[in-house]
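Below is one structure, written out as structure tokens, with a few remarks after it.
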Amino acid sequence: MAFTLPELPYAKTALAPHISEETLNYHHGKHHAAYVNNLNGMIEGTDMSSQSLVEIIRATYGNANLAGIFNNAAQVWNHTFYWHCMGPNGGGEATGAIADKIDADFGSYEAFLDAFKKAGATQFGSGWAWLVLNKTSGKLEITKTPNAETPLTDTNLVPLLTCDVWEHAYYLDYQNKRPDYISIFMDHLVNWEYVNENLAQA
Ligand code: MN3
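For what it's worth, my numbering labels the leading residue of the sequence shown as 80, then goes sequentially.
Here is the structure:
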């Protein structure tokens, strides 16, 4: 069964002026769609065509011969997760259970915010910044991954929030100013309800 491009959970105009309709047209309609189409082409007729996205990601990670499948499968998952991490009228200080957990594990929202922004700004080249739950320690952690890599390949980590820091995520709206995009993402776009749902299911 082929994978399909999921609909955005909001209208393409809903994140403006922070993320423009034009960016979403390219980012969702071209980049994310290409990852879905590439993946389907690569797994057609193989055993992987009956596996879930997460199964494919975990089975191909670290295997140089399957890097193309890994990259496209992980990018399909990462992007679907990223869309849900945002919403109109989002952002600002965390709310709900995640707010208490952030205070407990980072000391304050400000300390968390600084660390998350730093992770995204210092990811050299393309990649992702993440807030994850470490199931062994029971604590929140901030990580960054290059290119298509995702915390899903470490079964000890549960992704709670991500920010796409590939240039295609922000260049039309912010040009080279990645730190500005990450600040706007945190202050105006984060869907804390979704982050809380992820924490509750972790
Ligand atoms: Mn992207």
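Where is the CB? At the ideal position from N, CA and C, for every residue including glycine.
The region 270 to 278 and the region 169 to 176 touch, with three or more beta-carbon pairs separated by less than 8 angstroms. About 32 angstroms separates the beta carbon of M127 from that of I98, a gap too long to meet the 8 angstroms contact definition. Screening all residues for a C-beta within a distance smaller than 6 angstroms of any heavy atom in the ligand MN3 leaves H106, H110, H158, D243, W245, H247, A248, in chain order. The residue from L219, E123, A81 with its alpha-carbon nearest to that of Y188 is L219. By the neighbour-count definition (other C-beta atoms within 10 Å, threshold 16), T125 is an exposed residue. Annotation note: the region 220 to 258 contains the following uninterrupted alpha helix (DSSP H) runs of length 4 or greater, listed N- to C-terminal: 246 to 253.
Cβ-Cβ separation between D233 and W207: approximately 14 angstroms, too far for a contact (criterion under 8 angstroms).
In chain order, E100, L103 place their CB closer than 6 angstroms to the CB of K91, counting only its own chain and leaving out the 5 sequence neighbours on each side. Counting C-beta pairs closer than 8 angstroms gives fewer than three between the region 249 to 263 and the region 137 to 157, which falls short of the contact rule.
Listed in chain order, the non-local C-beta contacts of A198 below 6 angstroms within the same chain comprise A208, I221, K223, local neighbours out to five positions each way being set aside.
Counting only residues of its own chain and dropping the five nearest sequence neighbours on each side, V133 has a CB closer than 8 angstroms to the CB of W156, L231. When DSSP states are grouped into helix, strand and coil, G169 belongs to the coil group.
G206 carries a strand assignment under DSSP once its states are collapsed to helix, strand and coil.
The beta carbons of T229 and I122 sit no closer together than 9 angstroms. Ranked by Cα distance from H158, the first of G169, M265, I263, P238 is P238. In this structure, the beta-carbon distance from L192 to V211 does not fall below 9 angstroms.
Looking only at D184, H163, T241, A112, the smallest Cα-Cα distance to G217 is reached by D184.
H163: member of the alpha helix (DSSP H) spanning 146 to 163, first to last residue. For T102, the uninterrupted alpha helix (DSSP H) run begins and ends at 100 to 105, by DSSP.
Straight through space, the alpha carbons of Q130 and S262 are spaced by roughly 37 angstroms.
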